[in-house]
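Peer 1: Those sequence lines, one after another, are chains B and Z. Going by our numbering, the first residue of the first sequence is number 14, and it counts up by one from there. Going by our numbering, the first residue of the second sequence is number 163, and it counts up by one from there. Ideal Cβ positions, reconstructed from N, Cα and C, are used throughout, including at glycine.
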Amino acid sequence: MSKSDVVVIGSGFAGLIAALVSAEKNKKVTLLSYGAGTFPLNSGVVDIMGYDEKGAAVASPAQALATVPAEHPYKKIGIPSVQDAVKFFLDFTKKEGLPFVGSLDKQQWIVTAVGTMKPTCLVPESMQGNQCFDAAEIVLVGVKDLKDYYVDLVAKTLPDWLGKDKKYSTFTLDSHITGGRDLTTLDVARWMDTEKGFNDAVSQLKSQAGSGKVFIVPAILGTKGNEVYTKLVAALGCPVVETTGMPPSTNGLRVRDMLLDALRKHGVEVVENIKAHGSVVDGKICKAVVAGGEVRDKKYEADSFILATGGFYSGGITMRDFGEANEVVFGLPVEADCVEERWVNEQLFSAEKQTFAKAGVRTDASLRAVDEAGNCVLENVYVVGRNLSGYDFCFEHSGNGVALSSAYKAAMA
Amino acid sequence: MKMEIEERARDSADNCLACTSCIANCPITEAERKYKGPKFVGPAHNRMHFSDANDVENTLDFCSNCKNCDITCPSGVSVSTLNMLERAKYYRTHPHSQRDQMLAHGEDMAKKLDSIPLGKTFANLGMSIGKAFGVLDMMGLAGKRDMPAYAPKYFMDMFKEIKQTSYPDKVVFFPGCYINANDPEVGVAFVKVMQANHIEVLVDENFVCCGSPLVVTGYLDEAEANAHKNVDRIKYWQSKGYPVVACCTSCSLMLKQEYAELFSQQDMVDAAKNVYDAFEYLEILEEQGKLSHDFAGKKDKKYLYHAPCHLRAQAIGLPAYKMLKDMVGIEIENADAGCCGMSGNYGFKKEKYEISMKVGEELFKKIKESGANEVVCDCGTCRMQIVHATHAKVCHPIQLLAKAYKRFNKQ
Chain B
14 MSKSDVVVIG
24 SGFAGLIAAL
34 VSAEKNKKVT
44 LLSYGAGTFP
54 LNSGVVDIMG
64 YDEKGAAVAS
74 PAQALATVPA
84 EHPYKKIGIP
94 SVQDAVKFFL
104 DFTKKEGLPF
114 VGSLDKQQWI
124 VTAVGTMKPT
134 CLVPESMQGN
144 QCFDAAEIVL
154 VGVKDLKDYY
164 VDLVAKTLPD
174 WLGKDKKYST
184 FTLDSHITGG
194 RDLTTLDVAR
204 WMDTEKGFND
214 AVSQLKSQAG
224 SGKVFIVPAI
234 LGTKGNEVYT
244 KLVAALGCPV
254 VETTGMPPST
264 NGLRVRDMLL
274 DALRKHGVEV
284 VENIKAHGSV
294 VDGKICKAVV
304 AGGEVRDKKY
314 EADSFILATG
324 GFYSGGITMR
334 DFGEANEVVF
344 GLPVEADCVE
354 ERWVNEQLFS
364 AEKQTFAKAG
374 VRTDASLRAV
384 DEAGNCVLEN
394 VYVVGRNLSG
404 YDFCFEHSGN
414 GVALSSAYKA
424 AMA
Chain Z
163 MKMEIEERAR
173 DSADNCLACT
183 SCIANCPITE
193 AERKYKGPKF
203 VGPAHNRMHF
213 SDANDVENTL
223 DFCSNCKNCD
233 ITCPSGVSVS
243 TLNMLERAKY
253 YRTHPHSQRD
263 QMLAHGEDMA
273 KKLDSIPLGK
283 TFANLGMSIG
293 KAFGVLDMMG
303 LAGKRDMPAY
313 APKYFMDMFK
323 EIKQTSYPDK
333 VVFFPGCYIN
343 ANDPEVGVAF
353 VKVMQANHIE
363 VLVDENFVCC
373 GSPLVVTGYL
383 DEAEANAHKN
393 VDRIKYWQSK
403 GYPVVACCTS
413 CSLMLKQEYA
423 ELFSQQDMVD
433 AAKNVYDAFE
443 YLEILEEQGK
453 LSHDFAGKKD
463 KKYLYHAPCH
473 LRAQAIGLPA
483 YKMLKDMVGI
493 EIENADAGCC
503 GMSGNYGFKK
513 EKYEISMKVG
523 EELFKKIKES
533 GANEVVCDCG
543 TCRMQIVHAT
553 HAKVCHPIQL
563 LAKAYKRFNK
573 Q
């Protein structure tokens, strides 16, 4: 019916960022969404580069970026675009009431739900694990009946990371939620959203507060924005640090909520439950994407298209048999070492990357797909996030970083 | 004939990666702690326990079939349909309540009342007296609600009195139970809009209830019988080249999508290709350059649009909202506030009333704060919920569109 300036395909982190940046440039944007992305599994932080090629923790993401191999998406995105994307995201999250902190120069550390620590680049204020380093005492807060968070396990593990010279104590918060299903962090976060729940929590935790102390809590500080966190820090008078959590991840859901809110304000058209599976192409120009539901398809026309459908996990790339890897919307060439013997490294937590994880679309520096000879395939189609080849985000911890910076660059093109 | 992939919905359960997206986005899970959440009912329990007919998830009854799980599932699992299949399995070995019998069979009641002189008048009176004396409550119905009143004249009778101009282009209107018996003006507006676009509207006396209220109360065999009746008629009209168009988004979802998901028959998939939501159809006319733009819509009013979940599940975006805003030029805002909580007959159940109202809180708040003169929504039960909770004035978008056309604007 009405042609858009940009059609974004996919509503994971990369797709929502691409739609947002396009909308901020006053483009008319249509977002084709199938499912709610991986946010419920996502810790809600932005890893730029957590571990190097050998699997050692990276101290400075900026330094790690400078040494990635030629095939890596960051090499194509380029450091200036990553810097711009980081600045954009920090400004945006501040404006939207869920401010993130961090920089490319120095890694942030976050606490996981099992009491280990992991490096990342950008974190919401509520997850600044760095605050634990200088604390004299760590108060580990569990929640009565909370599923998948065992405060005793955290207490056992965390001293290995933060040092045994600190004092560690545990405290169990009672949400007084009884009956019904198992309690998840999302349930407790909803309880914290209410005034009654929040006041109840403060009155229980207050006795544990004191100078030199830092609270570590599961991801229960509200379902939206930053408000519960700031109120709690003010009420307790000492730092509070949220851990990552098991799905559904409240931290990931807060990020999704913030991005969708922003798209709403910009008037981005979001078409839900729709699967894109083809395109209308004239020479090297894509005219429309073909998408639909169970019954019929529709053509979504635009001047440019941003592909953010994800990899194997999300169905953006499929493979019926070895050597037949396929990008489902445009049929873009997929770069993958599609040989059975090399396809998978059977050791799940090994010191090597997985071949299958690196399968994706090969692009040039403008993030447009290229064939084996290096020729641009479609001039107005940009490839972002996990659709890109040449990196194992799980191994190196770069998932949201590649998503953010590639989506930003594609939308700015 | 069975479809190539047998038992589509059941097969889809194997795509579940346990990502919990459905749980995080389920409005009932948010409102009710007793509900274990969609993942645990359909994809998890149902898949593992097909062998034993008595083994059903004990919080299954909370699912409202609103489809937000399906909308947010990144892996294409028909979560809500799995829940409905499980519910049907439960009722194969358990009796239905009288209340459920009544809520599932609104079409039969509407027909009976129409055949009795003054039947509808007394039924309406009876329902208000029943409400006042707590009879509805005793029957297991939400006593705080008004039951939908019967229209003095049903749509199918009103239709006979409409003088249409005949055109070679024709569509067959599927009114559905609610528009036919309770809200016939929506159907009349549809005929006006079609006439303004030089299309003649036909109706079909052989259509029956789409089956949506039967499916959600566990009368799956009856729903399948209805599906076959409707599919036969849809295919008949398909052979004549006339599309079937519905204004009720739950009816259109059932005809287009849920029949095939629930009953896995190839002819249901074929028939679905001939069924359209009203604004989906209008949007196609616009794409073909056939839609009349002879609008003179009044622009002094402010509207708020509420998108029914059963429309959002259809993968066609929000065609009514888009058309009213971009083409007719009406001042209209998308509430984008999630499920209203009514979900067909769910909110009419006494024990579900509180949940239903809690689910709708965000929407009610938005309506009250919006300052809109009227709330626009494609779904009849959503509109009932909105009126009940906010006392706002409501209409179907087709009524706004009919009024926007100059020829009807003058009247």
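Quick one: using the 10 Å Cβ neighbour count with 16 as the cut-off for buried, is residue 364 of chain B buried or exposed?
Peer 2: Per the 10 Å Cβ criterion, exposed.
Peer 1: What residues from chain Z crowd round residue 53 of chain B, counting only those whose CB sits closer than 7 Å?
Peer 2: Within chain Z, the residues near residue 53 of chain B are 181, 182, 183 and 186.
Peer 1: Taking a Cβ distance cut-off of 9 Å, strictly less, list which residues of the region 234 to 263 of chain Z are near chain B, in chain order.
Peer 2: From the region 234 to 263 of chain Z, only 234, 235, 236, 237 and 238 have a Cβ closer than 9 Å to chain B.
Peer 1: So if I threshold CB-CB distances at 9 Å, which residues from the region 477 to 498 of chain Z count as touching chain B?
Peer 2: Here the close residues are 477, 478, 479, 480, 481, 484, 485, 488, 489, 496 and 498.
Peer 1: Residue 184 of chain Z: buried (16+ other C-beta within 10 angstroms of its C-beta) or exposed?
Peer 2: Residue 184 of chain Z is buried by the Cβ-count criterion.
Peer 1: Taking all protein chains shown into account, decide if residue 293 of chain B is buried (16 or more other Cβ within 10 angstroms of its Cβ) or exposed.
Peer 2: Residue 293 of chain B comes out exposed.
Peer 1: Could you confirm whether any beta carbon from chain B is found closer than 9 Å to the beta carbon of residue 136 of chain Z?
Peer 2: This structure does not reach residue 136 of chain Z, given that chain Z is present from 163 up to 573, and the question cannot be answered.
Peer 1: Leaving out five residues before and five after residue 92 of chain B in sequence, what residues of the same chain have Cβ atoms less than 6 Å from its Cβ?
Peer 2: Excluding residues within five positions, the ones whose Cβ falls inside 6 Å are 78.
Peer 1: Measuring only between beta-carbons, confirm whether residue 423 of chain Z sits less than 9 Å from chain B.
Peer 2: It does: the Cβ of residue 423 of chain Z has a partner Cβ on chain B nearer than 9 Å.
Peer 1: Closest to residue 170 of chain B by C-alpha separation, out of B:148, B:190 and B:129, would be which residue?
Peer 2: Closest option to residue 170 of chain B, Cα to Cα, is B:129.
Peer 1: Buried or exposed, going by whether 16 or more other CB atoms sit within 10 Å of the CB of residue 330 of chain Z?
Peer 2: Exposed: under 16 other Cβ atoms inside 10 Å.
Peer 1: Taking 9 Å as the cut-off, decide whether the C-beta atoms of residue 135 of chain B and residue 81 of chain B are in contact.
Peer 2: No, these two residues do not count as a Cβ contact at 9 Å.
Peer 1: Beta-carbon within less than 7 Å of residue 193 of chain Z's beta-carbon, same chain only, minus the 5 sequence neighbours each way: which residues are those?
Peer 2: The answer, listed in chain order, is 517, 520 and 521.
Peer 1: Any residues in the region 217 to 232 of chain Z with a beta carbon nearer than 9 Å to a beta carbon of chain B? Which ones, in chain order?
Peer 2: Within the region 217 to 232 of chain Z, the qualifying residues are 221, 229 and 232.
Peer 1: Okay, do the region 318 to 326 of chain Z and the region 354 to 368 of chain Z touch, 3+ Cβ pairs below 8 Å being the bar?
Peer 2: Counting Cβ pairs under 8 Å, three or more are found: they touch.
Peer 1: Does chain B have any CB closer than 9 Å to the CB of residue 559 of chain Z?
Peer 2: No, residue 559 of chain Z does not count as interfacial toward chain B.
Peer 1: In chain order, which continuous runs of the alpha helix (DSSP H) of length 4 or greater are located wholly inside the region 456 to 521 of chain Z?
Peer 2: As far as the region 456 to 521 of chain Z is concerned, its whole alpha helix (DSSP H) runs of at least 4 residues are 471 to 474, 481 to 484 and 515 to 521.
Peer 1: Which term fits residue 352 of chain B, buried or exposed, when burial requires 16 or more other beta carbons within 10 angstroms of its beta carbon?
Peer 2: Exposed: under 16 other Cβ atoms inside 10 Å.
Peer 1: In angstroms with no decimal places, state the Cα-to-Cα distance between residue 424 of chain B and residue 313 of chain B.
Peer 2: Rounded to whole angstroms, residue 424 of chain B to residue 313 of chain B spans 18 Å at the Cα level.
Peer 1: Do residue 533 of chain Z and residue 284 of chain B have their C-beta atoms within less than 9 Å of each other?
Peer 2: The answer is no: Cβ separation not under 9 Å.
Peer 1: Residues of chain Z with a CB under 7 Å from the CB of residue 162 of chain B: which are they?
Peer 2: Correct list: empty, because the minimum Cβ distance to chain Z is about 15 Å.
Peer 1: Could you tell me whether any Cβ in chain Z is nearer than 9 Å to the Cβ of residue 286 of chain B?
Peer 2: Cβ-Cβ to chain Z under 9 Å: yes for residue 286 of chain B.
Peer 1: Report yes if the CB atom of residue 432 of chain Z is closer than 9 Å to the CB atom of residue 567 of chain Z, and no otherwise.
Peer 2: Cβ atoms of residue 432 of chain Z and residue 567 of chain Z: not closer than 9 Å.
Peer 1: Can you give me the Cβ contacts of residue 306 of chain Z inside the same chain, cut-off strictly under 7 Å, excluding the 5 residues immediately before and after it?
Peer 2: Contacts found: 515.
Peer 1: Could you tell me the alpha carbon to alpha carbon distance between residue 397 of chain B and residue 419 of chain B, rounded to whole angstroms?
Peer 2: Computed Cα separation, rounded: 5 Å.
Peer 1: Closer than 7 Å, Cβ to any Cβ of chain Z: which residues of the region 302 to 326 of chain B, in chain order?
Peer 2: The region 302 to 326 of chain B vs chain Z, Cβ under 7 Å: 305, 306, 307, 308 and 309.
Peer 1: Let me check understanding here. Comparing Cα to Cα, which of B:288, B:140, B:248 and B:159 lies closest to residue 237 of chain Z?
Peer 2: For the residues B:288, B:140, B:248 and B:159, the minimum Cα distance to residue 237 of chain Z belongs to B:288.
Peer 1: For residue 21 of chain B versus residue 318 of chain B, is the C-beta spacing smaller than 9 Å?
Peer 2: For residue 21 of chain B and residue 318 of chain B, yes; Cβs fall inside 9 Å.
Peer 1: Looking at the unbroken alpha helix (DSSP H) that takes in residue 286 of chain Z, where does it start and where does it end?
Peer 2: Run containing residue 286 of chain Z: 281 to 294, per the alpha helix (DSSP H) assignment.
Peer 1: Are the C-beta atoms of residue 116 of chain B and some chain Z residue less than 9 Å apart?
Peer 2: No, no contact with chain Z.
Peer 1: Mind listing which residues of the region 372 to 402 of chain Z have their C-beta closer than 9 Å to chain B's C-betas, in chain order?
Peer 2: Answer set for the region 372 to 402 of chain Z: empty.
Peer 1: Please list, in chain order, all residues of the same chain as residue 275 of chain Z whose beta carbon is under 7 Å from its beta carbon, the five residues on each side excluded.
Peer 2: Closer than 7 Å at the Cβ level, and outside the excluded window around residue 275 of chain Z, lie 281, 282, 285 and 312.
Peer 1: Could you name the residues of chain Z that residue 404 of chain B contacts, counting a contact when the two beta carbons are closer than 7 Å?
Peer 2: Per Cβ cutoff of 7 Å: no residues; residue 404 of chain B is ~21 Å from chain Z at best.
Peer 1: Within 10 angstroms of its Cβ, does residue 300 of chain Z collect 16 or more other Cβ (buried), or is it exposed?
Peer 2: Flag for residue 300 of chain Z reads exposed.
Peer 1: Looking only at its chain, what residues have a beta carbon closer than 7 Å to the beta carbon of residue 75 of chain B, apart from the 5 residues adjacent to it on each side?
Peer 2: Once the five neighbours on either side are set aside, the close Cβ partners of residue 75 of chain B are 117 and 118.
Peer 1: How would you list, in chain order, the residues of chain A whose beta-carbon sits under 7 Å from the beta-carbon of residue 15 of chain B?
Peer 2: Within the model displayed, chain A is absent; protein chains B and Z are what it includes.
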